[in-house]
Amino acid sequence: MRQVLLVLLLFPLMIFAQQKQDYPAYRSPLDIPIYLSGTFAELRSNHFHSGIDIRTQGVEGKPVFAIGDGYVSRVAVSPGGFGKAIYVNHPEGFTSVYAHLQRFSPEIEAWVKQQQYAQKNYTVNLYVTKDQFVLKKGQQLGLSGNSGSSAGPHLHFEIRDGATQEPLNPLHFGYEIKDYIRPAISTFAAYPISDSAQVNASENPFYSAVQGWGEKHHLPNHQPVYGIGELAFGISVIDQHNDTPNKNGVYSLELKADKQTIFKYAADRFSFTETRYINSFIDYAYFVETKKRIIRSQRDPLNKLSIYEKDNGIIRLREGDTLQAEFV
Numbered sequence: 312m313r314q315v316l317l318v319l320l321l322f323p324l325m326i327f328a329q330q331k332q333d334y335p336a337y338r339s340p341l342d343i344p345i346y347l348s349g350t351f352a353e354l355r356s357n358h359f360h361s362g363i364d365i366r367t368q369g370v371e372g373k374p375v376f377a378i379g380d381g382y383v384s385r386v387a388v389s390p391g392g393f394g395k396a397i398y399v400n401h402p403e404g405f406t407s408v409y410a411h412l413q414r415f416s417p418e419i420e421a422w423v424k425q426q427q428y429a430q431k432n433y434t435v436n437l438y439v440t441k442d443q444f445v446l447k448k449g450q451q452l453g454l455s456g457n458s459g460s461s462a463g464p465h466l467h468f469e470i471r472d473g474a475t476q477e478p479l480n481p482l483h484f485g486y487e488i489k490d491y492i493r494p495a496i497s498t499f500a501a502y503p504i505s506d507s508a509q510v511n512a513s514e515n516p517f518y519s520a521v522q523g524w525g526e527k528h529h530l531p532n533h534q535p536v537y538g539i540g541e542l543a544f545g546i547s548v549i550d551q552h553n554d555t556p557n558k559n560g561v562y563s564l565e566l567k568a569d570k571q572t573i574f575k576y577a578a579d580r581f582s583f584t585e586t587r588y589i590n591s592f593i594d595y596a597y598f599v600e601t602k603k604r605i606i607r608s609q610r611d612p613l614n615k616l617s618i619y620e621k622d623n624g625i626i627r628l629r630e631g632d633t634l635q636a637e638f639v
C-alpha cells in the first residue's frame, strides 16, 4: 500500500494587508484601530460571512463614517439580521454597508422614524433617491451599536460590487490589519473517495488532531497516513490576529501534492445566491457531529461556489512511492 507522508504547512497570509490594484483605497469606517472579530467569507451557520466585523472596544456609540464620497441608497431597520443598517453607493462603482448600528445620524434618524410611522411598522426597508442624502468622505452616518442579530457591540462592514451587489473582501481596499500570527490547524481529515479506496486500511474517513505550530504542524507522534485509491483531504483551521483574542477564518487555502497544486480557494468575493453551498464546502456530517468545520479539498459536482481557484483536490494512489501533501 502506498505511504502518504503528510507535511502540514500553513504560512502567514500577508495578502490581508494588500490592496487590489483595481480597487480604491477608502478611509476607515471608524476612527479607532481596526481589530477584527470576524473575517470575510468566514464559515458561519449555513452561510459565508459577507463582510468583516470590526471590534468597537466593547462598547456602543462609536462614530461611524462614510468611507468615501457617495449617497445613501438604502436604509433598513429590523429587530433581527443587520438591525439598523445603511447602504452607501460610491461613484467608483461600489456599495458600502454599515450594520448593527445603535442609531443613524440625526437627519437620517428623523426621516426613518417618519417612514416607520407612515408604514406603522418598526421594520422598514427603505430605498432612497440619490439626491436625498448626499455624502462626503468622512461624513458621520451614525453610531456603532448592537442592534439586530448581534452577539455584542461591533460594526459589521461590507463593500459590495455596486452592479451585482456581490460582497467583496473589504481588506482589498487599503485597510491594514496587524496579523503576524500564523494560522493554526486543529484537525486533519482524509477521505476515501473511490469504491476501492482506503485510509489506514479502512473505507471510513480518517480524522486526527493536529499538533505543532506554523511550519511545524504534524499529526501526533508524526504518524504517517497510509492510503490507496482516490483520496481527498481536509483541515479545520483558524487565523488569530495580533492584539485580539478572536479566532477568525483564513483568507485562502491551498493543497499541494508533490509540489503540485491540486486544490485552492481564496476569499475575494462570492454571490449571496451561492452562500448556502457552504454545507458542501465543509465536511457537513462531521460538523453535525462535532460542531467543528473542516474545509474539504473535494468539490461536489453540484457545488457552484465561485471561490474555488482549483477544485480537483483528489489524489490517486497506487502501491509504491511516498507522497508529500502540504496545506499552504
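So the sequence shown is numbered by the working numbering: it starts at 312 and just counts up by one. A virtual CB, placed ideally from N, CA and C, is assigned to each residue, including glycine.
Supposed contact pair residue j and residue i - C-beta distance, whole angstroms, cut 8 angstroms
{"i": "Pro481", "j": "Phe468", "result": "6 angstroms"}
{"i": "Leu347", "j": "Arg366", "result": "7 angstroms"}
{"i": "Glu541", "j": "Ala508", "result": "5 angstroms"}
{"i": "Ile605", "j": "Ile546", "result": "6 angstroms"}
{"i": "Gln426", "j": "Val435", "result": "6 angstroms"}
{"i": "Pro464", "j": "Gly456", "result": "7 angstroms"}
{"i": "Asn553", "j": "Asp490", "result": "6 angstroms"}
{"i": "Asn614", "j": "Tyr588", "result": "5 angstroms"}
Residue i vs residue j beta-carbon contact at 7 angstroms
{"i": "Thr586", "j": "His401", "result": "no"}
{"i": "Tyr337", "j": "Gly379", "result": "yes"}
{"i": "Gly392", "j": "Gly349", "result": "no"}
{"i": "Val639", "j": "Glu565", "result": "yes"}
{"i": "Leu454", "j": "Gly372", "result": "yes"}
{"i": "Lys621", "j": "Phe592", "result": "no"}
{"i": "Ala568", "j": "Tyr502", "result": "no"}
{"i": "Ser407", "j": "Gln451", "result": "no"}
{"i": "Val521", "j": "His528", "result": "yes"}
{"i": "Ile488", "j": "Val548", "result": "no"}
{"i": "Arg385", "j": "Tyr398", "result": "yes"}
Residues bridged to residue i [DSSP beta-bridge criterion]
{"i": "Arg580", "result": "Leu479"}
{"i": "Gln341", "result": "Looking at the sequence provided, one finds Leu at residue 341 rather than Gln. Paired residue(s): none; Leu341 is not in a bridge."}
{"i": "Lys567", "result": "Thr572, Glu637"}
{"i": "Asp364", "result": "Gly349, His467"}
{"i": "Ala410", "result": "His467"}
{"i": "Val435", "result": "Val388"}
Which listed residue (the options) has its alpha carbon closest to that of residue i
{"i": "Glu526", "options": "His552, Ile492, Tyr588", "result": "Ile492"}
{"i": "Ser608", "options": "Ser458, Ala520, Asn623", "result": "Asn623"}
{"i": "Val375", "options": "Ala410, Val388, Val386", "result": "Ala410"}
{"i": "Glu420", "options": "Thr406, Asp442, Val383", "result": "Val383"}
{"i": "Ser339", "options": "Thr633, Ser497, Ile470", "result": "Ile470"}
{"i": "Pro494", "options": "Leu530, Asp550, Gln451", "result": "Asp550"}
{"i": "Lys570", "options": "Gly394, Lys603, His528, Gln635", "result": "Gln635"}
{"i": "Tyr562", "options": "Phe517, Asp333, Ala352", "result": "Ala352"}
{"i": "Pro335", "options": "His483, His360, Ile496, Ala429", "result": "His483"}
- Contained beta strand (DSSP E) runs [length at least 3] in the stretch 513-560, N- to C-terminal order: 517-520, 536-551
- Task: Pick out the complete beta strand (DSSP E) segments inside the stretch 441-514, 3 residues or longer, and give them in chain order.
- Result: 451-455, 465-472, 495-503
- At which residue ranges does the stretch 370-402 contain complete beta strand (DSSP E) runs of 3 or more residues, listed in the order of the chain? 374-376, 381-388, 395-400
- Query: If you scan the stretch 576-629 from start to end, which runs of the alpha helix (DSSP H) of 4 or more residues do you find wholly inside it?
  - Reply: 589-592, 595-601
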